[in-house]
Amino acid sequence: MKKNITKHIKLYLDETGSSASISFIVGGFYLYGYNQKDILIREEKIGKNILSIESIIKSNKHIKNEIDKEIKYRDLNFKNKLFLFNNIKNNGQINVSMISDLEKIRSTNKQIIIEYIYNISVFLIIKKILFHLLEIKYLKITDLISIEVNIDQRRKHINWTAKSNSFKELNIYLNTRMYENSQFLNIQKINVYQYDSKLESTIRYADYYVGLLGSVDRVHNNRSKTYDLNSENLLKLFNSHIKHLKFSNDFDL
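Quick look at the structure:
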C-alpha cells in the first residue's frame, strides 16, 4: 500500500499599519516541500543570510552597542536598504503579501478592528497559497497537508507596550475557517507560533519586506515620508530575484 506523503507549507509573516492608516499590510514569505528537513535547512540558510547582512550594516553604521540592537526598517538609510534587498539570497522562498484598503472599509462606516482584519488576511494568504500550489500541480485536493504559521510577537493595538495573546485566537480562527469551507480534504491542524523578532531573523525578513511594502503603499497614496525615497525601485530589485505573490484582499465589506 502506497504511503500518503505529507506536503509541508511553512509561513513567516509580519504586519504594518494601524486603524488610523490608509492600508494594513500582512506579508512575508513561505517555504514548501515534501521533506521537513529540507525546509529546515532552507529556513536556517535564510536566517543566517539575514544575520550576515545585518552584521555588515551594523558595522558600517559604527554605532556603539549596535550589535545587540534590532535593526528597524524605518531607521535604515537608502544605501543600507539597497544593500539589504540586493543581498537577500534566493533559498527557494516565495514572498507573499496582502494589502487591505482601510479607506474602503471606512467608506462603509464599518468599524476597523485590526485584529480581525489581520486574522482574515492571514487566512486568505494561506487559502491563496494553497490554490497557487494546486495550480502549479504541487498539490492535489486529496493530499495530506501540514501548515505552520510563524508570526511576530503581536501587540495590543490600544496599548502597543502590552503583549497580545491574539495569536491563540488566530490559531482557532484559521482552523475553524479551514474546516468550514476548504476544498482541500486532508489539511492537518494548522499550528501558529509567535516569536520576538529581535530573536528570530526569519521574522525580521518579513519585517523588512512589509516595511518596504508600506513605503511603496505610501508613495502610491501620495503620503510618502523622507525614508520612503526610491522604495518602488527597491521593490523592483527585490522582486527581480525573489519570486513574489501579491494577493488582493477580497473579504466582504
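Per the UniProt record's numbering: the sequence shown ends with 253, consecutive numbering throughout. No residue lacks a Cβ here, since even glycine has one placed at the ideal position from N, Cα and C. Quick caveat, the model's predicted, so the values are computed rather than measured.
Alpha carbon to alpha carbon, what distance is there between Asn181 and Asn4?
-> Near 23 Å, if we compare the C-alpha coordinates of Asn181 and Asn4.
Secondary structure of Gly92, DSSP reduced to three states = Of the three classes helix, strand and coil, the one that applies to Gly92 here is coil, per DSSP.
To the nearest whole angstrom, what separates the beta carbons of Val210 and Ile25, a pair I think is in contact under 8 Å?
-> Going by Cβ atoms, the distance from Val210 to Ile25 rounds to 5 Å, so yes, they are a contact pair.
For my contact list, Ile46 and Asn87 are in at a C-beta cut-off of 8 Å; report their separation, rounded to the angstrom.
-> Contact flag wrong, Cβ pair sits at about 12 Å.
Same chain, Cβ closer than 6 Å to residue 255, five either side skipped, listed in chain order = Within the shown structure, residues of the chain are numbered from 1 to 253, placing residue 255 beyond reach of any answer.
Touching by the beta-carbon criterion (3+ pairs, under 8 Å), the region 112-130 and the region 77-93 = A contact between stretches requires three or more CB pairs, one per stretch, nearer than 8 Å, and the region 112-130 fails this requirement with the region 77-93.
Starting from Ser215, follow the alpha helix (DSSP H) in both directions and report where the run begins and ends.
-> Start and end: 201-220.
Hey, could you find the ends of the alpha helix (DSSP H) Lys79 is sitting in?
-> Per DSSP, Lys79 belongs to the alpha helix (DSSP H) from 78-87.
List the whole-angstrom C-beta distance separating Asn95 from Ile190, where the pair is believed to meet the contact cut-off of C-beta under 8 Å.
-> Wrong, their Cβ atoms sit about 20 Å apart, outside the cutoff.
Helix, strand or coil: which one does DSSP assign to Tyr195?
-> Three-state result, Tyr195: strand.
N-terminal and C-terminal residue of the beta strand (DSSP E) that Ile240 is part of | Residue identity differs from the one stated: residue 240 is Ser in this sequence, not Ile. First-last for Ser240: 231-241, but that is the alpha helix (DSSP H), not the beta strand (DSSP E).
Kindly give me the distance between the Cβ atoms of Ile126 and Ile147, rounded to whole angstroms, as I take these residues to be in contact under 8 Å.
-> About 6 Å separates the two Cβ atoms, so the contact holds.
Per DSSP, cross-strand counterpart(s) of Asn186 = In the DSSP assignment, Asn186 is bridged to Leu144.
Roughly how many angstroms lie between the CA atoms of Leu124 and Gln183, to the nearest whole one?
-> Straight across, the Cα-Cα distance linking Leu124 with Gln183 is about 14 Å.
Helix or strand or just coil, what does DSSP make of Phe123?
-> Note: Phe123 maps to helix in three-state DSSP.
Through-space distance from Ser248 to Tyr73, alpha-carbon basis | Going by C-alpha positions, Tyr73 is about 24 Å away from Ser248.
In whole angstroms, what is the alpha-carbon distance linking Lys58 and Leu199?
-> Distance between the alpha carbons of Lys58 and Leu199: 16 Å.
In three-state terms, what does DSSP make of Glu103?
-> Of the three classes helix, strand and coil, the one that applies to Glu103 here is helix, per DSSP.
Between Ile99 and the ligand FAD, is the CB less than 6 Å from at least one heavy atom?
-> As presented, the structure is devoid of all ligands, the ligand FAD included, so that no description of it is given.
In its own chain, which residues sit with a C-beta less than 7 Å from the C-beta of Leu133, not counting the 5 before and 5 after it?
-> Answer for Leu133: Tyr32, Leu139, listed in chain order.
Compute the Euclidean distance between the alpha carbons of Arg106 and Ile141, then round it to the nearest angstrom.
-> A direct Cα-Cα distance of roughly 37 Å separates Arg106 from Ile141.
So which of His220, Gly17, Leu76 has the shortest CA-CA distance to Tyr227?
-> The shortest CA-to-CA distance from Tyr227 to any of His220, Gly17, Leu76 is the one to Leu76.
List the endpoints of the continuous beta strand (DSSP E) containing Ile9.
-> Segment 6-16, the beta strand (DSSP E) holding Ile9.
Less than 8 Å between the CB atoms is what I'm expecting for Glu103 and Ile22, so what's the real figure, rounded?
-> Right, the Cβ-Cβ distance comes to about 6 Å (below 8 Å), so this counts as a contact.
Between the beta-carbon of Asp207 and the beta-carbon of Asp38, is there less than 7 Å?
-> Result no, Cβ atoms of Asp207 and Asp38 do not sit closer than 7 Å.
Helix or strand or just coil, what does DSSP make of residue 304?
-> Any property of residue 304 remains undetermined from this structure, which presents the chain solely from 1 to 253.
If you draw a straight line from the C-alpha of Ile129 to the C-alpha of Lys89, how long is it?
-> Taking the straight line joining both Cα atoms gives about 21 Å.
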